[in-house]
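See structure below.
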Amino acid sequence: MNMQHGGAGEEQHSGQSRFEVLFEDNHLLGIVKPVNIPVQEDATGDPDLLTLLKEDVKERYNKPGNVYMGLVHRLDRPVGGAMIFAKTSKAASRLSESVRTHAFRKVYLTVVHGKPSASQGRLVNTLLKDAKSNTVTIVRKGTPGGKEAILDYTVLGSAEGFSLLKIDLLTGRSHQIRVQLSGIGCPLFGDQKYGAAVNRPGQQIALWSSLVGFPHPVTKDDIELISLPPQTHPWSLWPQQLQKQAIR
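Under UniProt numbering, residue 248 is the last one in the sequence shown; the count climbs by one each step, no gaps.
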């Protein structure tokens, strides 16, 4: 179920959040992450989502002192869409356990150049991250420092030399979707890092966190946060109804 704006035992607050809120109660805050904002503080020193959310909650609830906000999963800076944050350490711990036990579901929509050879499939690779250059490469299994990366994809449609894919992410490696799809010859639209040969500088990467699903850490209810990408090119090549139906 898609939970919207609040739940049982919700705190009283004044003022509207500066973010699009998908779910909120005393334990959790689910929002739509805007594109091009880092989730955590990085070397650029630009405002980061975690700090902005703490400030937002502090203002809306007139809270004194520091506000707790637990990071459970991440999205790359240029990527937007559904994200869940924990408002208590207990909720953060239980959500992290859901991630570890694969009870935490992450579904993405993406637009790629070309079309995978199979209409659906599973990609399994070993990825190695170079922290200095912040790039990830596919390496041989058994390579020291390499981590297994697994995703399932389904081609939802093709148009104008692009394909719309649904991605079920089964592991959460850095840049995973971008690297694995580039590895099969289908780099993401707008991805300068892993598709520089076919993308133009300034294009927005077409990768969107469309569904985040998990058991509520306290009530155990099944929660689903749903967010659809903006209806701009290249997303607008396919009807929003198709995108919505595909991610369920």
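Even for Gly, the Cβ is constructed at its ideal location relative to N, Cα and C.
- Below 8 Å CB to CB, which residues in the same chain sit around K115 once its five sequence neighbours on both sides are set aside? The sequence position of residue 115 within the sequence shown is 115, counting from 1. Within the same chain, K115 has close Cβ partners V155, S158, S163 and C186.
- Message: Pull the bridge partners of I84 from the DSSP assignment, please.
- Response: The residue labelled residue 84 in the question sits at position 84 within the sequence shown. According to DSSP, which records beta bridges pairwise, I84 is partnered with G30.
- Using only alpha-carbon positions, find the residue among E160, S89 and V212 that is nearest to I226. Residue numbering aside, residue 226 sits at position 226 when the sequence shown is read from its first letter. With distances taken between Cα atoms, I226 lies closest to V212.
- How is the alpha helix (DSSP H) around G190 delimited, first residue to last? Residue mapping note: residue 190 aligns to position 190 of the sequence shown, counting from 1. Per DSSP, G190 belongs to no alpha helix (DSSP H) and is neither H nor E.
- Is the region 51-65 close to the region 226-238, with three or more CB pairs under 8 Å? no
- Please list, in chain order, all residues of the same chain as F19 whose beta carbon is under 6 Å from its beta carbon, the five residues on each side excluded. Taking the sequence shown and counting its residues from 1, one reaches residue 19 at position 19. Excluding the 5 residues flanking it on each side, F19 has same chain C-beta neighbours closer than 6 Å at I31, in chain order.
- Message: Comparing C-alpha positions only, which one of A149, F189, N134 and I223 sits nearest to R140?
- Response: The residue given as residue 140 occupies position 140 in the sequence shown. The option with the nearest alpha carbon to R140 is A149.
- Item | Length of the line joining the Cα atoms of N2 and L128 | Within the sequence shown, the letter at position 2 stands for residue 2. Within the sequence shown, the letter at position 128 stands for residue 128. Caution applies to N2, whose pLDDT of 40 falls short of 50 and renders its modelled position unreliable; the model cannot decide the point.
- Task: Identify every run of the alpha helix (DSSP H) within the region 79-143, keeping only runs that are complete inside it and at least 4 residues long; order them along the chain.
- Result: 89-100
- With a threshold of 16 other CB atoms inside 10 Å of the CB of T110, please say whether the residue is buried or exposed. Here residue 110 corresponds to residue number 110 of the sequence shown, with the count starting at 1. With 16 or more Cβ atoms within 10 Å of its Cβ, T110 is classed as buried.
- Message: On the criterion of 16 or more Cβ atoms from any shown chain inside 10 Å, does S182 qualify as buried, or is it exposed?
- Response: In the sequence shown, residue 182 corresponds to position 182, counting from 1. Per the 10 Å Cβ criterion, buried.
- Item | Nearest to D48 (by Cα), restricted to the options P201, V198, R77 and R105 | Along the sequence shown, read from residue 1 onward, the residue named residue 48 stands at position 48. It is R77 whose Cα lies nearest to the Cα of D48.
- Reduced DSSP category for D222 - H, G, I as helix; E, B as strand; rest coil: As a working note, residue 222 is residue 222 in the sequence shown. In the three-state reduction of the DSSP assignment, D222 falls in the strand class, which pools E and B.
- Query: So, L95 versus P217, is the Cβ gap smaller than 7 Å?
  - Reply: Start at 1 with the first residue of the sequence shown, and residue 95 comes out as number 95. Start at 1 with the first residue of the sequence shown, and residue 217 comes out as number 217. Result yes, Cβ atoms of L95 and P217 sit closer than 7 Å.
- Message: Tell me the residue span of the beta strand (DSSP E) that contains G183.
- Response: Here residue 183 refers to the residue found at position 183 when the sequence shown is read from its first residue. Element bounds for G183: not the beta strand (DSSP E) but the alpha helix (DSSP H), Q176 to G183.
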